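Numbering (the numbering used here), first residue to last: 6 to 354. Read through the structure below, which is laid out as C-alpha cells, and then see the notes.
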Amino acid sequence: MKRIAIHQNKKIFDHSTLWTEAWISYCDKTKLNYEIVDCYEAHIIEKLKNYDCLLWHINNYSHTDMQMSRNILYTANHLNIKIFPGYNDVWHFDDKIAETYLLQSADVPTPESYMFYSLESVKQWLTDEVRQLPIIAKLRNGSGAHNVKLLRSKRQIMNYSKQMFGHGYSPHPSIFGKAKANYDSSKKNWNLMKSRIKRTPEFLKTFKHASRFPRERGYVYFQEFIPNYGYDLKIIVVGNKLGFIGRRVRKNDFRASGGGDIFFDKLLITEDIINSAFEASDKLGFQCMGYDYVVNSDTGKGLIVEMSYAFSHNTLLQSKGYFDRNGNWYDEPLNAPEEILKNILMDHE
Numbered sequence: 006m007k008r009i010a011i012h013q014n015k016k017i018f019d020h021s022t023l024w025t026e027a028w029i030s031y032c033d034k035t036k037l038n039y040e041i042v043d044c045y046e047a048h049i050i051e052k053l054k055n056y057d058c059l060l061w062h063i064n065n066y067s068h069t070d071m072q073m074s075r076n077i078l079y080t081a082n083h084l085n086i087k088i089f090p091g092y093n094d095v096w097h098f099d100d101k102i103a104e105t106y107l108l109q110s111a112d113v114p115t116p117e118s119y120m121f122y123s124l125e126s127v128k129q130w131l132t133d134e135v136r137q138l139p140i141i142a143k144l145r146n147g148s149g150a151h152n153v154k155l156l157r158s159k160r161q162i163m164n165y166s167k168q169m170f171g172h173g174y175s176p177h178p179s180i181f182g183k184a185k186a187n188y189d190s191s192k193k194n195w196n197l198m199k200s201r202i203k204r205t206p207e208f209l210k211t212f213k214h215a216s217r218f219p220r221e222r223g224y225v226y227f228q229e230f231i232p233n234y235g236y237d238l239k240i241i242v243v244g245n246k247l248g249f250i251g252r253r254v255r256k257n258d259f260r261a262s263g264g265g266d267i268f269f270d271k272l273l274i275t276e277d278i279i280n281s282a283f284e285a286s287d288k289l290g291f292q293c294m295g296y297d298y299v300v301n302s303d304t305g306k307g308l309i310v311e312m313s314y315a316f317s318h319n320t321l322l323q324s325k326g327y328f329d330r331n332g333n334w335y336d337e338p339l340n341a342p343e344e345i346l347k348n349i350l351m352d353h354e
C-alpha cells in the first residue's frame with residue numbers, strides 16, 4: 006500500500022479552511038496508510054524518502070508557506086514522490102501576473118491584461134492607445150479581492166501607478182473591509198452571522214500572518230473591466246469532474262470574490278465554460294484548479310480572470326453535484342481534496 010504523508014504544522018499556520026483534515030478523514034475512512042508529518046522539521050527530506058505521496062495545503066496568507074513550501078515539494082517530487090499541489094498547480098500560486106501569462110499561453114478566454122514595469126511605459130501606453138475605461142488594477146497577490154481597485158480615469162491610473170512605482174501598496178487584507186463584506190453578506194442570515202463572529206479570532210490570526218508580507222511595488226497590472234450580470238463563477242476542475250460556486254457582486258461594489266454572498270445555479274454553467282475550463286486544465290497539466298469566471302453581459306462569453314489551486318472545498322460541497330466533460334450533471338457532491346487523493350492513488354497503480 007502506498008504511504009501517504011500529510012503536512013501539518015499548526016504553530017506556523019492553522020485555519021479551518023485548510024484541506025488537511027479532509028485528507029486525514031478520507032485516509033481514516035478508507036484505511037489508507039498515512040502519517041502526519043511536519044515538513045518544517047529538521048532532516049525532513051531524509052524522512053520523506055519513506056513515503057510515496059506528499060499532500061500539503063499551502064496557504065497564501067502563511068508567509069512561511071509562500072517562502073519555503075515549494076522548495077520542499079519540488080525536492081520531494083525530484084525523489085519520485087507524488088506531490089500535491091504539483092509543480093504545474095502551484096509555481097504561479099498567488100501571483101496574478103504569472104497566472105495571466107500562463108493562461109495566455111494556453112489560448113483560453115481571458116480579459117485583456119496589461120503589465121508594465123516602469124512608470125514611463127505606463128505614460129506611453131496612456132498616450133499611444135485609447136483606453137476603454139474603467140479598468141481594473143490588481144496587485145500580484147492576495148485573495149478575496151482585497152487588492153483590486155476600479156480606476157475610472159487616466160488621472161486615477163497615473164496616481165495608482167506613481168504609488169506602485171514609489172512607496173507601493175500593502176498586500177494584506179483590510180480588517181475593516183473584510184468585516185464590512187462579511188456583515189453585508191450575512192446580515193439577513195443570523196446563523197451565518199454567528200458562524201462568522203465565531204471565526205473572528207481566526208481571521209485576526211490570519212491577518213497577523215498576512216502583515217508579514219512586504220509591500221508590493223515596481224510594477225502595475227491592469228485588467229480589462231468586463232460588463233457582467235452581477236456575479237462571478239468559481240469553476241473547479243479536478244480530473245474529469247467540474248464543480249462550481251456562484252458569487253454575487255457586493256452591494257455598491259464591482260467585486261464578488263470575498264463578499265461571501267454565495268449561490269448555486271447549474272443553469273449558469275454553459276457548454277462554453279465547461280469546455281474552456283477543461284481545456285485550460287488539460288493544456289496546463291493541472292491536477293486541480295479553481296478558475297474565476299466573469300460572464301460578459303454584452304457577448305455572453307465566460308472569461309477567466311484569475312485562478313488558484315486552492316478554494317473553500319466546504320463551500321463547493323454545497324453545490325451538491327458536478328459536471329463531467331460532456332456536460333452531464335451528477336447529483337453527488339464534489340469533494341475536491343478527496344478527489345485529488347483518489348486520482349493520485351489511481352495514477353500510482
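Note that the Cβ used here is the ideal one computed from N, Cα and C, for glycine as well. Model, not experiment: these values are computed from the prediction.
Round the Cβ separation of residue i and residue j to the nearest angstrom and send it over; I've been treating them as touching at under 8 Å.
| i | j | result |
| --- | --- | --- |
| V127 | S166 | 5 Å |
| P139 | S281 | Between S281 and P139 the Cβ distance is about 25 Å, and since that is not below 8 Å, they are no contact. |
| Y119 | F227 | 4 Å |
| D57 | R136 | D57 to R136, Cβ: 52 Å. No contact. |
| D277 | K246 | That pair is no contact at about 18 Å. |
| L60 | L53 | With a Cβ gap of about 12 Å, L60 and L53 do not count as contacting. |
| N340 | A27 | 7 Å |
| I345 | L108 | About 21 Å; that fails the 8 Å criterion. |
| L124 | A142 | In fact, because the Cβ distance is near 14 Å, the residues do not count as touching under 8 Å. |
| Y174 | N146 | Not a contact, Cβ separation roughly 11 Å. |
Does the distance from the CB of residue i to the CB of residue j come in under 7 Å?
| i | j | result |
| --- | --- | --- |
| L78 | I86 | no |
| L272 | G251 | no |
| P3 | W24 | With the chain covering only 6 through 354, there is no way to say anything about residue 3. |
| M169 | R220 | no |
| L321 | G244 | no |
| T69 | I50 | no |
| C44 | H12 | yes |
| N233 | S302 | yes |
| L144 | P176 | yes |
| F328 | I279 | yes |
| N93 | G290 | yes |
| Y5 | Y224 | The chain is shown from 6 up to 354; residue 5 falls before or after that span and cannot be answered. |
| K154 | L131 | no |
| S324 | F269 | yes |
| A285 | A103 | no |
| S216 | T22 | no |
| A10 | E40 | yes |
How far does the alpha helix (DSSP H) with residue i in it extend, from its first residue to its last?
| i | result |
| --- | --- |
| G322 | This sequence places Leu at residue 322; Gly is not what is there. From DSSP, the alpha helix (DSSP H) with L322 extends over H318 to L322. |
| T95 | Correcting the residue identity first, residue 95 is Val in this sequence and not Thr. First-last of the alpha helix (DSSP H) with V95: Y92 to V95. |
| E284 | E276 to L289 |
| L308 | Note, L308: premise wrong, no alpha helix (DSSP H); beta strand (DSSP E) at G307 to S313. |
| L108 | K101 to S110 |
| I141 | I141 -> not in any alpha helix (DSSP H); beta strand (DSSP E) instead, spanning I140 to K143. |
| E221 | Counting along the chain, E221 falls outside any alpha helix (DSSP H), and DSSP gives it neither H nor E. |
| L131 | L124 to D133 |
| Q161 | K159 to M169 |
| Y45 | Premise fails: Y45 is in no alpha helix (DSSP H) and is neither H nor E. |
| H12 | No alpha helix (DSSP H) contains H12, which is instead part of the beta strand (DSSP E) from I9 to H12. |
| I77 | R75 to H83 |
How is the beta strand (DSSP E) around residue i delimited, first residue to last?
| i | result |
| --- | --- |
| Y31 | That residue, Y31, is in no beta strand (DSSP E); its alpha helix (DSSP H) goes T25 to T35. |
| S118 | S118 to F121 |
| K52 | Taken as a continuous stretch (DSSP letters only), K52 belongs to no beta strand (DSSP E), being part of the alpha helix (DSSP H) at I49 to L53. |
| D336 | It is not in any beta strand (DSSP E) - D336 carries neither H nor E in the DSSP assignment. |
| Y298 | C293 to V300 |
| R252 | K246 to R253 |
| L156 | V153 to L156 |
| Q228 | V225 to E229 |
| L273 | Here L273 belongs to no beta strand (DSSP E), and DSSP marks it neither H nor E. |
| K239 | Y236 to V243 |
| F89 | K87 to F89 |
* Is the segment 292–299 in contact with the segment 223–243, if contact means three or more CB pairs nearer than 8 Å? -> yes
Quiz item: Do the segment 96–104 and the segment 308–317 meet, that is, are 3 or more Cβ pairs less than 8 Å apart?
Solution: yes
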